Each structure stands twice: as C-alpha cells, then as structure tokens.
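Here the sequence shown is numbered in this note's numbering, starting from 192 and rising by one per residue. To start, the structure under review is shown below, and the notes come after it.
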Amino acid sequence: MRYPSLVTGACAAAAIFAFTGCGTGGYSDDGNQSAGKDLFLAANCGACHTLADAGTAGQIGPNLDDAFAQARADGMSESTFVNVTRDQILFPITDPSTEQVGMPGPGQTLPECGGDDAAGAGDFCVEDQEQAASDIAAYVGRVAGTGASATPDKPMDGKSIFAASCGSCHTLADAGTTGNVGPNLDEAKPPKSLVIDRVTNGQGAMPSFKDSLNGAQIEAVAEYVSAAGR
C-alpha cells in the first residue's frame, strides 16, 4: 500500500489542486530551486519518492517523474506543478479514509528549528517551514517528469542504504532516524533473515525494494539493521 498519489491522472489532479483553492490556494513563486534540491535530499524525501534528477527511488509515495510527465508533455505550466507539490507538503492527507498510508505532515517532514516538532526530529530541521516547502516545490516543479536520468553512486554500506531508503518510515537510533510509518526497529529488533524477507518482498504498507536495491545492498542493510537494533 502507498499513501495517496500526488497526482491521480496527472492533468486531472493538478487541475483540481491548482484551481479549486486547495491548501494555500495561491501561486508560490518565491522558491529557490537549488536550495530545494538540497532540502529534498536532506529531508529524505527520496526514501518515499522516485525523482530521477535527485537520484532517488522511493516507492512508498508517488513516483514524481511519472506523476508529472504526461501533464508536462501536454503543456501544463510549471507553476501548476510547483503549487501542487507545495500544497501536498504543507497540507497532506495524513490519515486517508482508504487503507493507504498517509503522507506525514510538515511537522515531521520539515520540523522547524527550535519548535516542538524539532525535539524528536534528529539532526534535521528548517528555519522556515513554508519557505522550505516553497523551495522543494520549486525544485520538483522544475525537474519532475523532464526525463532526467541521474544515476547516482549506489551506496553499499548498510547504514547509508538504510538512511536513504528506510529512515523516513522507521525509527532506528543508530541511524538517527525517527520515522513512524513502519515499526520502530529499536523495539522490534528483527533478525537478519526477516529484514531480508521484508526488504525483498515487502508486506502490508511496506513495498518491495528488490527493483531498487541489488542483492548485495539488501544483504548489507539487513546485516546493519539486525545488528544496530540490538
């Protein structure tokens, strides 16, 4: 299961969000695309979302390239993509009526430094939540669905793989992650064999990662999780 698509039929949903006043209801043009890419990576958005330009392959949330590719090809404006993305960050469906997993709210994805949410957010926080959302939206709106084919170096150590692909959903103290979509791994303490099975095949809300991680990477992250959670 995945949380509700950013775009359900790219043109239709983009039009709904852009023209029905959802969320902010206004055009955001103050985002910094360069800062947005840095934030997209720092906030670990790629653990849930595929975005070629950022080199990420998350499968829990919508594939951002697929979400906007057809709408972009049909001539829909970049400003629409920016606003759809910004509204989804700031006003997500955190508890959908379906069996899908909700998207975490901005207090979890973009906790403000010094705020109540930052206390349990590890090392990552932002000075201005709305500006951070605008920056990420400006970046995603510019690159999503453009056909970029970034091929980043794939990490091979278990801790890096976990941080890139798993930390937004799971808490693991050694990795400094506080995700609460999936089980707390410090409490669950899964054995290596179970981690390999879940990462390879998925279960329930957790997708399979066998198409985005090779065998050696799955082995490495399983070894890391089974050791770090004890």
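The C-beta atom is built at its ideal place from N, Cα and C for all residues, glycine as well. Nothing here was measured: the structure is a model prediction, and the numbers come from that model.
Among Lys-401, Val-292, Ala-328, His-240, nearest to Ile-387 - alpha-carbon criterion: Of Lys-401, Val-292, Ala-328, His-240, the residue nearest in Cα terms is Lys-401.
For Ala-329 and Thr-289, I'd like the C-alpha separation in whole angstroms. For Ala-329 and Thr-289, the distance between alpha carbons rounds to 30 Å.
Among Leu-301, Ser-417, Glu-410, Ala-379, which one has its Cα closest to the Cα of Ala-234? Among Leu-301, Ser-417, Glu-410, Ala-379, the Cα nearest to that of Ala-234 is on Leu-301.
Can you give me the C-alpha to C-alpha distance between Asn-254 and Gln-261, rounded to a whole angstrom? Near 13 Å, if we compare the C-alpha coordinates of Gln-261 and Asn-254.
Between the CA atoms of Ala-335 and Asp-256 - distance to the nearest angstrom: A direct Cα-to-Cα measurement between Asp-256 and Ala-335 gives close to 5 Å.
Determine whether the beta carbon atoms of Leu-281 and Pro-295 lie at a separation below 7 Å. The Cβ atoms of Leu-281 and Pro-295 do not sit closer than 7 Å to each other.
Residues in its own chain within less than 6 Å of Gly-222 by CB, not counting five upstream and five downstream? Residues Ser-325, Asp-326, Ala-328, Ala-329 of the same chain have their beta carbon placed closer than 6 Å to that of Gly-222, with the five preceding and five following residues left out of the count.
Please state the DSSP three-state secondary structure of Ala-248. Annotated three-state conformation of Ala-248 is strand, per DSSP.
Leaving out the 5 sequence neighbours to the left and right, which residues in its chain are closer than 6 Å to Asn-375 when beta-carbon positions are compared? The answer, listed in chain order, is Thr-362.
Let me know the secondary structure DSSP gives Leu-363 once reduced to three states. Of the three classes helix, strand and coil, the one that applies to Leu-363 here is strand, per DSSP.
Under the three-state reduction of DSSP, which class applies to Val-334: helix, strand or coil? Here Val-334 sits in helix by DSSP.
Quick check on this structure: which residue in Ser-403, Gln-224, Ser-225, Leu-232 has the alpha carbon closest to the alpha carbon of Cys-316? If we check each option's Cα against that of Cys-316, Leu-232 comes out closest.
Any idea what DSSP makes of Val-416, helix, strand or coil? DSSP places Val-416 in helix when its eight states are reduced to three.
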